[in-house]
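K.L.:
Let me begin by handing over the structure; questions about it come next.
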Amino acid sequence: MFALNAVVLGTATALLLWAPVTVSVPVLLTEAVILVGGLAVMLVANAALLRLGLAPLDRLTHLMTTVDLLRPGQRLPASGGGEVAQVIRAFNAMLERLEHERATSSARALLAQEAERRRIAQELHDEVGQSMTAILLGLKRAADDAPAPLREELQEMQEITRESLDEVRRLVRRLRPGVLDDLGLVSALTSLTEDFATHTGLQVTRRFCADLPALAPETELVLYRVAQESLTNVARHADAQRVTVALCHRDDHVVLTVTDDGCGIQAPREGAGIRGMRERTLLIGGSLEIAPAPRTSTGTSTGTGTGTQVRLTAPVPRKQP
-18 MFALNAVVLG
-8 TATALLLWAP
2 VTVSVPVLLT
12 EAVILVGGLA
22 VMLVANAALL
32 RLGLAPLDRL
42 THLMTTVDLL
52 RPGQRLPASG
62 GGEVAQVIRA
72 FNAMLERLEH
82 ERATSSARAL
92 LAQEAERRRI
102 AQELHDEVGQ
112 SMTAILLGLK
122 RAADDAPAPL
132 REELQEMQEI
142 TRESLDEVRR
152 LVRRLRPGVL
162 DDLGLVSALT
172 SLTEDFATHT
182 GLQVTRRFCA
192 DLPALAPETE
202 LVLYRVAQES
212 LTNVARHADA
222 QRVTVALCHR
232 DDHVVLTVTD
242 DGCGIQAPRE
252 GAGIRGMRER
262 TLLIGGSLEI
272 APAPRTSTGT
282 STGTGTGTQV
292 RLTAPVPRKQ
302 P
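The opening position of the sequence shown corresponds to residue -18 in our numbering, with each subsequent residue numbered one higher.
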């Protein structure tokens, strides 16, 4: 700032010293016009130079108010050796540290969350599930030996218990999909979409490539959880009729897309579910995009509404030579 102002004031001083300009008393009209014009030129030049010098700080302020650690890589260019460039470099370094710390803490939290889900699912399966199975068998034996009026009531209780047991099993699958560990990602997504279609009545289309590479367990779990949360959002908010779940392999990435034909994205505000998906995506070094559903070749959307597409791109680990 001092250098810019020095240039303006030095130029004005040089013009006053060497230019053939005099000031009379009282001031003549021509002299007043020259002085006012020179002052105006000096102020305009000073304002332009200050705006130019402060422009990096304006960009820094905008980034500071809009930065999101769930979208890493937001940086400002810092060239030169001035104080402003040093401030920008310090801010970029701080963002680097914050993103690393956020990713580390999120990883610990999500791993603890998955461990707790696994524990609860195991207890539901071993304790509650077995207890309800024993109750179901006891009700069956009691209904077989009971008189006709009481038998009907016991059979109704038996049916309620069976439905509750099915609900417990469904919760266990949502908490910890055993099929993901036993049969892999494709089978787990197939089971997830079938269960989703059964409970919501929506038409689900699956498009899974046959040449999917082997993925790390963490990557498979993130892909499954993102698909699960996306389908949950479709059922709650999209007002859709059809959903397409696709998983394909492109170069050194796998791409998961969940596309619906619902009402589309109504507001830019993201809830806890979407932010949770972004945090999971960061754990595997992937990228998550949520945008309106792509249009077909005819220029229309993929369904009756504008639709929404969730797109997760995850890197495939390279094979060691």
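Glycine included, each C-beta is placed from N, C-alpha and C at the ideal position.
At what residue ranges does the segment 182 to 247 contain a whole run of the beta strand (DSSP E), taking only runs of 3 or more?
P.N.:
184 to 189, 223 to 231 and 234 to 241
K.L.:
Between which two residues does the beta strand (DSSP E) harbouring P130 extend?
P.N.:
For the purposes of this step, residue 130 is taken as the residue at position 149 of the sequence shown. Segment A129 to L156 is the alpha helix (DSSP H) holding P130; no beta strand (DSSP E) there.
K.L.:
For G267, is the classification buried or exposed, using 16 other Cβ atoms within 10 angstroms of its Cβ as the cut-off for buried?
P.N.:
Sequence index remark: in the sequence shown, residue 267 carries index 286 (1-based). With 16 or more other Cβ atoms within 10 Å, it is buried.
K.L.:
Quick check on DSSP: helix, strand or coil for E251?
P.N.:
Looking up residue 251 in the sequence shown gives position 270. Looking at E251 - three-state DSSP - the assignment turns out to be coil, as it is neither helix nor strand.
K.L.:
Closer than 8 Å by C-beta to D192: which residues in its own chain qualify, once you throw out the five before and the five after it? Chain order, please.
P.N.:
Residue numbering aside, residue 192 sits at position 211 when the sequence shown is read from its first letter. Once the five neighbours on either side are set aside, the close Cβ partners of D192 are H230.
K.L.:
Cα separation between E133 and D107?
P.N.:
Against the sequence shown, residue 133 aligns to sequence position 152. Against the sequence shown, residue 107 aligns to sequence position 126. Straight-line Cα distance between these residues: approximately 30 Å.
K.L.:
Use the C-beta contact count for R99: other C-beta atoms within 10 angstroms, 16 or more gives buried, fewer gives exposed.
P.N.:
If you number the sequence shown from 1, residue 99 lands on position 118. Under this definition R99 is an exposed residue.
K.L.:
In three-state terms, what does DSSP make of T289?
P.N.:
Residue 289 sits at position 308 when you count from the first residue of the sequence shown. Of the three classes helix, strand and coil, the one that applies to T289 here is strand, per DSSP.
K.L.:
Tell whether a beta-carbon distance below 7 Å holds between T287 and P273.
P.N.:
Taking the sequence shown and counting its residues from 1, the one referred to as residue 287 is at position 306. Taking the sequence shown and counting its residues from 1, the one referred to as residue 273 is at position 292. Yes, these two residues count as a Cβ contact at 7 Å.
K.L.:
How would you call S112, buried or exposed, if buried means at least 16 neighbouring beta carbons within 10 angstroms?
P.N.:
Along the sequence shown, read from residue 1 onward, the residue named residue 112 stands at position 131. Exposed.
K.L.:
Express the C-alpha separation of M75 and L57 in angstroms, rounding to a whole number.
P.N.:
The count along the sequence shown starts at 1 and reaches residue 57 at position 76. The count along the sequence shown starts at 1 and reaches residue 75 at position 94. Rounded to whole angstroms, L57 to M75 spans 12 Å at the Cα level.
K.L.:
Reducing DSSP to helix, strand and coil, say where P53 ends up.
P.N.:
Your numbering for residue 53 matches position 72 in the sequence shown. Coil at P53, not helix or strand.
K.L.:
V239 and V291 - do their beta-carbons sit closer together than 7 Å?
P.N.:
Along the sequence shown, read from residue 1 onward, the residue named residue 291 stands at position 310. Along the sequence shown, read from residue 1 onward, the residue named residue 239 stands at position 258. Against a cut-off of 7 Å, the Cβ pair of V239 and V291 comes out as a contact.
K.L.:
Beta strand (DSSP E) containing I271: first to last residue?
P.N.:
To locate residue 271, count along the sequence shown from 1; it is residue 290. Judged by DSSP secondary structure, I271 falls within the beta strand (DSSP E) whose first and last residues are S268 to P273.
K.L.:
Go to D107, then tell me how far its alpha helix (DSSP H) extends in each direction, as first and last residue.
P.N.:
On the sequence shown, residue 107 is found 126 positions in, with the first residue counted as 1. That residue, D107, is in no alpha helix (DSSP H); it is neither H nor E in DSSP.
K.L.:
For A59, does the three-state DSSP call read helix, strand or coil?
P.N.:
For the purposes of this step, residue 59 is taken as residue 78 along the sequence shown, with counting starting at 1. In this structure, A59 counts as coil in the three-state DSSP scheme.
K.L.:
Just how far apart, CA to CA, sit S295 and R32?
P.N.:
Numbered from its first residue, the sequence shown carries residue 295 at position 314. Numbered from its first residue, the sequence shown carries residue 32 at position 51. Looking at the sequence shown, residue 295 is not Ser but Ala. So the alpha carbons of these two residues sit roughly 42 Å apart.
K.L.:
Take R155 as the anchor and find which of L120, L212, R83 and A127 has the nearest alpha-carbon.
P.N.:
The residue labelled residue 155 in the question sits at position 174 within the sequence shown. Its Cα nearest to that of R155, the residue L212 stands out among L120, L212, R83 and A127.
K.L.:
Just mark R157 as buried or exposed, buried being the case when its beta carbon has 16 or more other beta carbons within 10 Å.
P.N.:
On the sequence shown, position 176 is the one that residue 157 refers to. Buried, since its Cβ has 16 or more Cβ neighbours within 10 Å.
K.L.:
Measure the C-alpha to C-alpha separation of T279 and D242 and round it to an integer number of angstroms.
P.N.:
Taking the first residue of the sequence shown as position 1, residue 279 is located at position 298. Taking the first residue of the sequence shown as position 1, residue 242 is located at position 261. Unreliable positioning characterises T279 in this predicted model, as indicated by a pLDDT of 38, which lies under 50. A coordinate reading is not provided.
K.L.:
What number of angstroms, rounded off, separates the C-alpha of Q103 from the C-alpha of G110?
P.N.:
In the sequence shown, residue 103 corresponds to position 122, counting from 1. In the sequence shown, residue 110 corresponds to position 129, counting from 1. Whole-angstrom Cα-Cα distance: 10 Å.
K.L.:
Is P298 helix, strand or coil when you go by DSSP?
P.N.:
Taking the sequence shown and counting its residues from 1, one reaches residue 298 at position 317. Correct three-state label for P298: coil.
K.L.:
Residues in its own chain within less than 7 Å of L(-10) by CB, not counting five upstream and five downstream?
P.N.:
Translated into the one-based positions of the sequence shown, residue -10 becomes position 9. The same chain holds no residue with a CB closer than 7 Å to that of L(-10) once the five nearest residues on each side in sequence are set aside.
K.L.:
Flag this pair as touching only if the segment 174 to 188 and the segment 207 to 223 have three or more C-beta atom pairs under 8 Å; answer yes or no.
P.N.:
Touching, yes.
K.L.:
Leaving out five residues on either side along the sequence, give the residues of the same chain with a beta carbon under 8 Å from the beta carbon of A88.
P.N.:
For the purposes of this step, residue 88 is taken as residue 107 along the sequence shown, with counting starting at 1. Counting only Cβ-Cβ distances below 8 Å, and skipping sequence neighbours, we find L264.
K.L.:
Taking the straight line between their C-alpha atoms, what separation do you get for A93 and L170?
P.N.:
As a first step, residue 93 is located in the sequence shown; it is residue number 112 there, counting from the start. As a first step, residue 170 is located in the sequence shown; it is residue number 189 there, counting from the start. For A93 and L170, the distance between alpha carbons rounds to 23 Å.
K.L.:
Report the option in G19, L16 and G63 whose CA atom is closest to the CA atom of L38.
P.N.:
Working through the sequence shown from its first residue, we reach residue 38 at position 57. Minimum Cα distance to L38 is reached at G63.
K.L.:
If you draw a straight line from the C-alpha of P198 to the C-alpha of E95, how long is it?
P.N.:
In the sequence shown, counting from the first residue as 1, residue 198 sits at position 217. In the sequence shown, counting from the first residue as 1, residue 95 sits at position 114. Approximately 13 Å between the Cα atoms of the pair.
K.L.:
Take T281 and list the residues in its own chain whose beta-carbon comes closer than 6 Å to its own, dropping the five residues that flank it on each side.
P.N.:
Along the sequence shown, one-based indexing puts residue 281 at 300. The predicted position of T281 is uncertain, since its pLDDT is 40 and thus under 50; a value taken from the coordinates is nonetheless stated next. So the list is empty, once near-sequence residues are dropped.
K.L.:
Is it the case that the CB of V153 approaches a heavy atom of the ligand NAD more closely than 6 Å?
P.N.:
As far as ligands go, the structure on display features none, and thus does not contain the ligand NAD.
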